[in-house]
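The sequence shown runs 795 to 1336 under the working numbering.
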Amino acid sequence: MALLQTSFDRMLDSSVPTFSVTTPLYYVNDVPHLGSAYTTVVADTLARFKRLQGYEVLMITGTDEHGQKIQRTAEAQGLDPQTHCDHIVVKFKELWRSLNIRYDRFSRTTNPHHLAIVKDFFQRVWDKGDIYLAQQQGWYCVACEEFKEKRDLLEDNHCPLHPNRKAEWRDEENYFFRLSRYQKPLEELYAQRPEFIQPSSRRNEVLNFVAQGLQDFSISRVNLDWGFPLPNDPNHTIYVWFDALLGYVTALLGEDEEPSLANALAKWWPINLHLIGKDILRFHAVYWPAMLLSAELPIPAQVFGHGFLTKDGHKMGKSLGNTVDPLDLINRYGEDAFRYYFLKEIEFGKDGDFNEQRFVNVLNADLANDLGNLLNRTLGMVKKYCQGQGPQVMATDLAPDNPLKALGSHLGEQVSSAYERLSFTDACEAIFTLVRAGNKYIDDMAPWKLFKQGSQKEVEDVLYSVLESIRLSAYLLSPIVPRLSTKIYQQLGFTWDFDQWRSPLEQAEEFNRHQSWGQLCANQNLPPAQPIFTKLELPAEE
Ligand code: MSP
């Protein structure tokens, strides 16, 4: 069954379905890294796919700006925390622009509107009797912003996720959230909604964790200024994770709306999909639904925990000196290359590797050769063999056994189902099966020979079916490589821009037509051929 279908049937009015998706709210202790870019590209791709289908979409990203980690980073640079956050937020927004990310909301946890939401929410949980004061003793990893069990730490109390950082001993009074009270309700939730946590390996992880017994967790800190004060006790600040998860709710407020929990929840709650990395699964799949249960609010439809990226087979890290700067890659190879590699090459949900040679090879094989060259040479043949016009053929004229038509007729459905399953690799594979079939067909049919034999109708049929295959592929690839798809569509004579959307109803109608085989017309008015994707080259060795 399609992963996302469970809550897609929610409609805002009688005819427009809605879809909301979030990325994590990224810490601003540093400029964005490859991991943040990866999740955000996935969210953008899904948002684009749903917009294409005619959904009203809300794509949410943003930044998590409170807590000790950020406070210390700002201090180390001699900046006040807000100034530091403002600087880093600019870097995030620049990167999203360079990656052609079209988010609808950018949620910052230092936004004053957010304070109002946190206060309202806190009050509901407080009124429920789920918050109490007690002594917290334990090992705290500032990099994770999380207490760790002694048994989970490495030698010398180093955190396994941040081996160069020691966890710090804390012994202080904190307010606690009664997570233990939600053990049963959570187990019921997981049983009733098996699709809530995906993929299933992550779901099992969570089930095992919860089965060990849930312990209350502290939701306030003392001796930390950089955070919202607790509404009932200003000597404490709210724990950064309690505050951050609510950033998803604040994001739902319209620009001029009065910041209240009721307003934030009115239109878009519950969220359809939280996309996160596997390291923050517990927060999203255990703590977050428990907090919502306590506040008596509906639970989001799905949490999807993706894998981790490595570089040349190794864990990436600043201290390891092997980080990959996403902006650097984009400047060198372009944003569509970036988007394509990470979506096609890495099975979503599994860990995956970045290797620059492989990156260049994949892009050259798929986008430059298989797709780009096919378009270029086919347009060249159209010019030569069709008296400068497009092929004078309609889809209905093609022989029923035309192999491209046979493949293309089911492609829309197949690719849509892959997007619904968040299987971007499968979507690309299916599309490139058609593209490669197009290359083979043109070689097998040899239109240059047909032309010499005077078989004009056959020549035009071949060229039409190859161009139509390219069109369909470009349409279905557009959530992943929007600018490349726009170029292809323009080369095929459409005035079209995959970065412009019409109303959801028009989109839905257009989707039905363009995801189907046979949209190219006779008299397509093809402009002169231009290369759409230049072959990539690795930078020369220094
Ligand atoms: N601020 C929290 C999220 C709060 S959401 C309410 C946070 N931020 S983070 O900036 O540290 O991490 C953001 C995301 O990056 C996480 O989903 C994390 O899994 C992901 N990644 C960090 N390193 C990664 C890789 N090497 N590969 C893929 N994703 C990785 O956690």
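Don't be surprised by glycine CBs; every beta carbon is placed ideally from N, CA and C.
Residue i at chain C interface by Cβ criterion, 8 Å
| i | result |
| --- | --- |
| aspartate 1010 | Of the protein chains in this structure there is only one, and it is not chain C. |
Chain-order list of residues whose beta-carbon lies under 8 Å from that of residue i (same chain, five-residue window excluded)
| i | result |
| --- | --- |
| valine 1260 | Leu1168, Thr1172, Leu1198, Gly1232, Tyr1235, Ile1236 |
| glutamate 1090 | Arg918, Lys922 |
| valine 1080 | Leu973, Leu980, Val1000, Phe1003, Val1004, Leu1008 |
| asparagine 1196 | Asp1255, Ser1259 |
| threonine 833 | Thr817, Pro818, Leu1069, Ile1070, Gly1071, His1100 |
Assumed close pair residue i, residue j - CB separation to whole angstroms, cut-off 8 Å
| i | j | result |
| --- | --- | --- |
| glycine 1146 | leucine 1103 | 6 Å |
| arginine 1076 | phenylalanine 1003 | 7 Å |
| threonine 857 | glutamine 876 | Not confirmed; about 12 Å, so no contact. |
| glutamine 862 | glutamate 939 | 7 Å |
| alanine 1316 | valine 1187 | 6 Å |
| phenylalanine 1288 | leucine 846 | That belief does not hold up - the Cβ atoms of phenylalanine 1288 and leucine 846 are roughly 15 Å apart, past 8 Å. |
| leucine 1266 | glycine 1202 | 5 Å |
| proline 1025 | phenylalanine 915 | 10 Å between Cβ atoms; not a contact. |
| glycine 1143 | proline 993 | 4 Å |
| threonine 1031 | leucine 1018 | 5 Å |
beta-carbon residue i near the ligand MSP non-hydrogen atom, thresh 7 Å
| i | result |
| --- | --- |
| isoleucine 1070 | yes |
| aspartate 1220 | no |
| proline 818 | yes |
| leucine 1103 | yes |
| glycine 1115 | no |
| isoleucine 1074 | yes |
| tyrosine 1033 | no |
| glycine 1128 | no |
| serine 1211 | no |
| alanine 1193 | no |
| alanine 1038 | yes |
| tyrosine 1258 | no |
| serine 830 | yes |
Residues of its chain near residue i, where Cβ-Cβ distance is below 6 Å and the 5 sequence neighbours each way are ignored
| i | result |
| --- | --- |
| glutamine 931 | Asp965 |
| tyrosine 1127 | Leu1330 |
| arginine 842 | Pro1273 |
| valine 1034 | His860, Gly861, Glu939 |
Nearest residue (CA-CA) to residue i, options the options
| i | options | result |
| --- | --- | --- |
| glutamate 1335 | Gln1151, Thr1117, Leu1087, Ala1060 | Gln1151 |
| cysteine 1180 | Phe1142, Tyr1134, Asp1122, Glu1252 | Glu1252 |
| cysteine 1222 | Lys1246, Trp1242, Ala1268 | Ala1268 |
| alanine 1326 | Gln1285, Glu859, Asp1293, Arg996 | The displayed chain sequence assigns isoleucine, not alanine, to residue 1326. That would be Gln1285, whose Cα lies nearest to the Cα of isoleucine 1326. |
| lysine 844 | Gln1324, Phe1245, Ser1211 | Ser1211 |
| phenylalanine 1226 | Asn1196, Gln1247, Ala1159 | Ala1159 |
| glutamate 949 | Ala961, Phe941, Glu939 | Ala961 |
| glutamate 1406 | Asp880, His907, Tyr1258, Val825 | The structure shown has nothing for residue 1406, since the chain only spans 795 to 1336. |
| glutamate 1105 | Leu1114, Leu980, Leu1069 | Note that residue 1105 corresponds to lysine in the displayed sequence, not to glutamate. With distances taken between Cα atoms, lysine 1105 lies closest to Leu1114. |
| valine 823 | Glu1254, Asp880, Leu1320 | Reading off the sequence, residue 823 comes out as asparagine, not valine. Taking only the C-alpha atoms, the option nearest asparagine 823 is Asp880. |
| serine 830 | Asn1319, Val883, Leu1271 | Val883 |
| valine 936 | Cys953, Arg987, Gln929, Arg945 | Cys953 |
| alanine 1045 | Thr816, Leu1320, Leu1087 | Thr816 |
| serine 1272 | Pro1241, Phe1218, Ala1323, Ser995 | Phe1218 |
| histidine 1417 | Val1118, Tyr934, Met1085 | Residue 1417 is absent from the structure shown; the chain starts at 795 and stops at 1336. |
| glycine 1101 | Ile1070, Trp1082, Asp1130 | Ile1070 |
| proline 1023 | Gln1318, Val912, Leu889 | Val912 |
| leucine 1257 | Gly1248, Lys1246, Pro1241 | Pro1241 |
| isoleucine 1013 | Ile925, Leu1059, Arg959, Gln977 | Ile925 |
Reduced DSSP secondary structure (H/G/I, E/B, other) of residue i
| i | result |
| --- | --- |
| isoleucine 1032 | strand |
| serine 1113 | coil |
| leucine 1104 | It should be noted that the sequence gives threonine, not leucine, for residue 1104. Looking at threonine 1104 - three-state DSSP - the assignment turns out to be strand. |
| leucine 798 | Unreliable placement is indicated for leucine 798, whose pLDDT of 43 sits below 50; no coordinate value is reported for it. |
| arginine 996 | helix |
| valine 884 | helix |
| tryptophan 963 | strand |
| glycine 1071 | strand |
| alanine 837 | helix |
| asparagine 1002 | helix |
| arginine 1015 | strand |
| glycine 1174 | helix |
| valine 1260 | helix |
Own chain partners of residue i with C-beta closer than 7 Å, once the 5 adjacent residues on each side are dropped
| i | result |
| --- | --- |
| phenylalanine 813 | Phe802, Lys844, Tyr849, Val851, Asn1066 |
| alanine 1224 | Leu1205, Gln1208, Val1209, Ala1212 |
| valine 1275 | Asp1130, Arg1133, Tyr1134 |
| alanine 796 | Any reading at alanine 796 must be qualified, since the residue scores a pLDDT of 41, below 50, and its modelled position is unreliable; the value itself is stated next. Excluding residues within five positions, the ones whose Cβ falls inside 7 Å are Ser1211, Glu1214, Arg1215. |
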